[in-house]
Structure formats: C-alpha cells, structure tokens
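Trainee: If you're matching them up, the sequences are chains A and B in order. Going left to right, the first sequence walks through residues 1 to 295 as this note's numbering numbers them. Going left to right, the second sequence walks through residues 1001 to 1327 as this note's numbering numbers them. Ideal Cβ placement from N, Cα and C applies to all residues, glycine included. Here you go, one structure.
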Amino acid sequence: MIEPTGEAGSGMWALTWRRYRRSRLAIIALVYVGLVSLIAIAAPVIASSSKASLIGFGPNDVDMVNRLHPPDERHRLGTDELGRDVLARMIHGARVSLTVGLLATAMALVVGSFLGAIAGYYGGAADWLVSRAIEVVLCFPLLFVSLAIVAFFGPSVWTIMIALGLTTWTNEARYVRGEFLRIREMEFAYAARASGARDSRIIFRHLLPNALAPVLVSASFGVAYAILTESALSFLGLGVPLPTATWGSILASAKDYIEYAWWLVIFPGVAIFLTVAAFNIIGDRFRDALDPRSD
Amino acid sequence: MLTYVVRRLLYGVLTFFGITIAVFVLVHSVPGDPISFYVGSHGAQSLSRPVLEEIRHAHHLDESLIRQYGWWLRGIMTLDFGNSFIDHQPVIERIASKLPNTFLLNLIAFLVAAVLGVPLGLWSATRSGQPIERASAVTSFLLYSLPSFWVALLLMQLFSVRLNVLPLFGMTSDDYLDLGAAMKLVDRAKHLILPVVTLAYAQLAVFARFSKSALTEVIRQDYITTARAKGASSGAVLWHHAFRNALIPLITLFGLSLPYLISGTVIVEQIFQWDGIGRLYFEAILTRDYPTVLGLAIATAVATLFASLFTDLLYAAADPRIRLEAR
C-alpha cells in the first residue's frame, strides 16, 4: 500500500499534492468543501430552535407572521411560504446533499471497482460480460432511470443512493478495467502471482491500490453529479421526502413564488452550484496533478 | 470494414436484449402485485377475484417469468407497448404525438450548442497556455456545474418577470390561434428561447471541452511537428492538418449526447410546461402509468442504441484505425 506521506515525501501522493496545491482555485474548492462539510456535520447545533444556536431557528420552525419574508436582521436569507427560515433549511439541506453525494458515489465506487477489476484482471468472458453490461447501462438516460427507481421504490436517501449508484458505476468500472489491463502485466503483479498469492489477494491488495488514483478522480466528478441529480430529484418532488430540508426542495417552492420571492431562487441555487463546481474543480485539478506530464 | 460492421451490429442486437432484460428485471423487482402494471394499483383493489384471475391469464401473469419475458418481448418487437392507464390510448401513439415537440426543442438546442461550442473549444486549444485558455476552461467548468432547473428559474425571473419580454412557460400564447402567420412564427420562437438556452448551455460547455481536448491531442502528434518543420505557416498547419483530424472524435460525442439531452428534457419540459416526451414521462411516473413509463424507457434506450451504432459506423468510416484495430 502506498500511504500519503508528509512534507518531504517524494511518493506519488506527495508529488500529486505538491502539483495540486499550485492551483489557487483547487485550494479554494477544497477549503469550500471542508467548510460545507463542517456546517453539515454541525447543522443540529448551528441551526436549532434553541436560543443558544447560531441561527436561532430549526429547519422546520414556523414563523407564521413572517411568511415569504425577504432577508432581514431576523431571517438573514428570508423565509419560505410556511415562514420557515431559509438559512436554517439550507444548513440542514447541506447534510442531505453531501450524504447522498458521498453514499451514491461510494456505491458506484464499490460496484464499479469490483466489476472493473474482475473484467480487467480475468479478461475473456468476464471482460466481455462486464463490457456488454456497461454498454446497456449507457443506453439509458440516467435521469429517466433514477426517476423511475425513486418513484417506484419510494423516495428516501437509500433509494436515491441505489438509483444513482446503479446508473453511474460505469465510469469507475471503465477506469479500473483500463488500469488493470495495464498493471496486471507489471513486474510486481507477476511477483505476487509467482509467490503463490490467491487471485483475491492480488486483486485487492496489490492491483486495486495502484489503480486507485484515476478512480478517485472520477469519484470526485461522481459526487458532483450525484449532488446535482439529488437536487434535481428534490426539485421535481421525488427527492428525500418533505419536510426534510433539501436545496432542491427550496427551489421547488421558489418556482411557485417566482413573481417576487427572489431570495428563494437565489440562495439555494448558489449553494448547489458552488458545491457541484467545487467537486468538479477538485476532480479536474486532481487529474491534472496526477499527470506526470504536467511537471 | 464489413467484418467491423457485422460485429458492431451483432453487439447492437445483444445490447438490445440487454436493455429489455434490464427493464424487465427492474419492473419485476418493484414491490407489489404485478397485476397493478396492467390495471393500475387502484383497479386491482376494486375487482373481484375471478376477474383478476382472468386478467392475470390474459396477460400471461400465470406463466413462468421466462415465458412472461417472451410475451413482453414479442409486444416490444411489434411496437406494442400496451395502453396507457390514464387515457387508454396505445402508448406508442402517445409517444409519437409528443415526439415532434421534443425533437424541435432538442434539435435547436443541439445546433446552438454545437455551432457555438465547437469553434470556442478549437479556438481555446490554439491559445494553449495563455490566460485566455485557462479562463475559458474554468468558464466551461462553471457552466457545466450550473443546475439546469436553477438556470431556468433565473431566466424566467429575469426575462419573464422583471423585463417581461419573454413568456414564462408554454409552447404558444393563449391568443395563438387568432394570430397571423408571421406573428404565429414569432410567438413560437419567443416560447422557444428560454427552454433552448436552458438545454443548450451545458451542452455547449461539453462540446467546447471535448473539441478543445481533441485538438490539443492532435497538435501533440508527430505529423503536426513535421508540417511545422516543413515551414508551413501555423494557420495552414491548423487548417489543413489539425482541424480535420480533431473533428473526427466529435462524431462520437454527437452520438453520446443523446441520453443527456433526453435526461435534460425531463427537467426543462416540466419547468416550461413544454408538451413533449420528457413531460409525458414525468407525468406517467407520478400517476404510476406503468405502460407509458416502460414504453418510453425502452424507446429512449433503443434510440440511444441506434445513435451510438450509427456514430460508431460513421467513426469507423472516417478513421481507418478504428476498424483495423478492431479487426
């Protein structure tokens, strides 16, 4: 296993990190993702009904007098049609977006890496079958399939995760397969085989860690896509069920009050956009940093 | 070339069966009595047992799963997707009646994206390493990260609510039928602008990125260096040697973008109340109109299959390396 090394290291990860941090945009994206993650984790503390919390409102606290109220001292990002604080709902919405994004990508990673590894390592019939399966999945419009799965099996964080995982594993599978085809012919792979290691050990202990880098790049794009799709599903009313706050569901109610409630349109949209952009930028710069030609 | 074509077509047939199996498995793993796929979940409760048994028999639900798949596949092959639960019209006719609206919208969006995106990408590739190239790369990334439903809402708010120059949604105005021929055209065009922009901007970014990386790849090739070494001007090198070869990979992109266009159609048609297949699909999902959902899922997947077959063959015709490598 290659471990990320410290400052003076010259391993692949240390070199990659040194190349990565040259991009100011990439650092900003990383810091942004870190911040949003912290906010998501701390959401119940930051935004709750207790007076001690930073925002002073929970995501479902109703302020009947101030419905559809523009941003002011009390509700810094305004309120929605039920008088709920938009900032509090957005803070809790970050939890949903990040959870779904990470879980769906984790699922795609596990399924994709497993199938890609088997296809690349064994070749032949296994490779043929996995390649045909990828071709079939790529024929379906992903949002069509996700919508059907979520609607028919009942919307929840888990069905969304499964719907996204089942439709997006093909990228990871293709990357892992490609890497395996390359590295299974390398000397360390022969050495492992010659020393009598079982196939499963060669695949998971020796080859997979070395195929990880390009897969992590595609995982970063995967998180971006999953967050985008989750918010689209919520916007269409088929996301994590109400009253759970999600960025997409705030935008859905914004649609009905578009004539004057501009704050409902602007803030959750900016949150989705920045988060998706951050994961896309991290993936892009990480890919550049892995490329030795960029030195 | 012929072996390549035959092989590719055979794989296409296999993929078609894969598509039908995937949909069949998915549908049969949905919890609940499969009879609700034929009479709707409400219908199943109100019917008496003998009637249910009869329906079961008529739809082959009393046979093995393999045989059920066979019957279902036979229906698909003859373009019989069954009747909608909602209006009891054949699904295939419902799809056919909405398809032109979706086609018009997507064709225009696709053309706008290609006409603007491809030259933009090629141009930024020739400015490699300059600040303008970095800036355009970041811009296309940001465009790509914008949620389309948010863009739609922003456009509606700006152009329909604040400026009041474009209609909020719909395909035509209420007084459309009273308009003269020229005004009818203007009215339709006005209704097209916002949905087209919403569909096109992300595609544009994809086209720009793709054509940029295609040209960057070509410029690295030895024959470009050779052409330069001969003393050809950089304009001539780009025009005669680089551009044409960079355009070949774009063929695959045109085939691959179909499923993305269709996915985008669901959101755009729903927001702008555009009467196409995306909206038909979404409403079928909400009303659990299974025959329409299945029919559209199969139809769009098969359309993508045909598009990818077509582009692969076109690609092989344009680039001999493909068909020779594949033997």
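Taking a contact to mean a Cβ-Cβ separation below 8 Å, would you say A/E98 touches A/V36 in this structure?
Mentor: Rather than Glu, the amino acid found at residue 98 of chain A in this sequence is Leu. Their beta carbons are under 8 Å apart, which means A/L98 touches A/V36 by this criterion.
Trainee: In the structure shown, what three-state DSSP assignment does B/N1245 receive?
Mentor: helix
Trainee: Would you list, in sequence order, the uninterrupted alpha helix (DSSP H) runs of no fewer than 4 residues that lie entirely inside the segment 167–195 of chain A?
Mentor: 187–194
Trainee: Give the straight-line distance between the Cα atoms of B/T1287 and A/R287, rounded to the nearest whole angstrom.
Mentor: 43 Å
Trainee: Would you mind sorting B/K1098 into buried or exposed? The rule is 16 or more other CB atoms within 10 Å of its CB.
Mentor: buried
Trainee: For B/N1333, which three-state DSSP category applies?
Mentor: Beyond the ends of chain B as shown, which are 1001 and 1327, falls residue 1333 of chain B; an answer cannot be given.
Trainee: Quick one: complete alpha helix (DSSP H) runs, 4+ long, within the segment 73–114 of chain A?
Mentor: Taken in chain order, the segment 73–114 of chain A contains no complete alpha helix (DSSP H) segment of 4 residues or longer.
Trainee: Rounded to a whole number of angstroms, what is the C-alpha to C-alpha distance between A/G196 and A/A189?
Mentor: 11 Å
Trainee: Determine which residues share a DSSP beta bridge with B/N1083 and list them.
Mentor: Answer is B/P1090.
Trainee: What is the DSSP secondary structure of A/D284, reduced to helix, strand or coil?
Mentor: helix
Trainee: Does any C-beta atom of chain B lie closer than 8 Å to the C-beta of A/R89?
Mentor: no
Trainee: So A/V136 contacts chain B; which residues on that side make the cut at Cβ distance below 7 Å?
Mentor: T1015, G1018, I1019, A1022
Trainee: Please state if the CB of B/G1121 and the CB of B/H1207 are separated by a distance shorter than 8 Å.
Mentor: Residue identity differs from the one stated: residue 1207 of chain B is Phe in this sequence, not His. Result yes, Cβ atoms of B/F1207 and B/G1121 sit closer than 8 Å.
Trainee: Relative to chain B, which residues along the segment 220–231 of chain A have a C-beta separation below 7 Å, given in chain order?
Mentor: A224, L228, S231
Trainee: Between B/V1293 and chain A, is there a C-beta pair that is closer than 8 Å?
Mentor: yes
Trainee: Under 7 Å Cβ to Cβ from B/R1094, same chain only, skipping five residues before and after it: list those, please.
Mentor: S1084, L1280, T1292
Trainee: Can you give the Cα-Cα distance for A/V110 and B/P1195, rounded to whole angstroms?
Mentor: Approximately 37 Å, taken between the alpha carbons.
Trainee: Starting from the beta carbon of B/S1263, find every residue of chain A whose beta carbon is closer than 8 Å, and list them in chain order.
Mentor: One finds P141, L142, L143, F144 in chain A with Cβ atoms closer than 8 Å to the Cβ of B/S1263, taken in chain order.
Trainee: Just checking my contact of B/F1272 with B/F1169 at CB under 8 Å: how many whole Å lie between their CB atoms?
Mentor: 5 Å
Trainee: Using the Cα positions of B/S1372 and B/S1128, report the straight-line distance between them to the nearest angstrom.
Mentor: Any question about residue 1372 of chain B goes unanswered here, given that chain B covers just 1001 to 1327.
Trainee: By DSSP, does B/W1274 sit in helix, in strand, or in coil?
Mentor: coil
Trainee: Give me the Cα-Cα distance between A/D127 and B/Y1011, rounded to the nearest whole angstrom.
Mentor: 14 Å
Trainee: Runs of 4 residues minimum, wholly inside the segment 194–262 of chain A: which ones carry the alpha helix (DSSP H) assignment?
Mentor: 212–235, 247–256
Trainee: In angstroms with no decimal places, state the Cα-to-Cα distance between A/T5 and A/W13.
Mentor: Any answer about A/T5 is weak, because its pLDDT of 47 lies below 50 and its placement is not dependable; what the coordinates show is given next. Distance between the alpha carbons of A/T5 and A/W13 is about 7 Å.
Trainee: For B/F1016, collect the residues of the same chain with a Cβ closer than 8 Å to its Cβ; drop the 5 residues on either side in sequence, then sort them by chain order.
Mentor: Excluding residues up to 5 positions away in sequence, V1302, L1305 lie with their Cβ nearer than 8 Å to the Cβ of B/F1016 in the same chain.
Trainee: Since B/I1267 meets chain A, which of its residues come closer than 8 Å, beta carbon to beta carbon?
Mentor: L143, A232, F235, L236
Trainee: I want to verify the contact list: residues of chain A whose CB lies under 7 Å from the CB of B/W1239, in sequence order.
Mentor: By Cβ distance, chain A contributes nothing, its closest Cβ being about 27 Å from B/W1239, past 7 Å.
Trainee: Use the C-beta contact count for A/W158: other C-beta atoms within 10 angstroms, 16 or more gives buried, fewer gives exposed.
Mentor: exposed
Trainee: Could you list which residues in chain B have their beta carbon closer than 7 Å to that of A/E187, in chain order?
Mentor: By Cβ distance, chain B contributes nothing, its closest Cβ being about 27 Å from A/E187, past 7 Å.
Trainee: Only counting the same chain, and skipping five residues up and downstream in sequence, which positions put a Cβ closer than 7 Å to that of A/Y32?
Mentor: L274, A278
Trainee: Can you confirm whether B/I1224, when its beta carbon is compared against all beta carbons of chain A, has any partner nearer than 8 Å?
Mentor: Chain A contact via Cβ: absent.
Trainee: Is it true that the segment 141–149 of chain A meets the segment 205–215 of chain A, where meeting means three or more beta-carbon pairs spaced less than 8 Å apart?
Mentor: no
Trainee: At a CB-CB cut-off below 7 Å, which residues of chain B make contact with A/G124?
Mentor: Correct list: empty, because the minimum Cβ distance to chain B is about 17 Å.
Trainee: Straight-line CA distance for B/L1142 to B/A1114?
Mentor: Straight-line Cα distance between these residues: approximately 18 Å.
Trainee: Taking the alpha-carbon positions, what's the A/V150 to A/S234 distance?
Mentor: 11 Å
Trainee: I think A/F221 touches A/N280, with their Cβ atoms under 8 Å apart; what is that distance to the nearest whole Å?
Mentor: 6 Å
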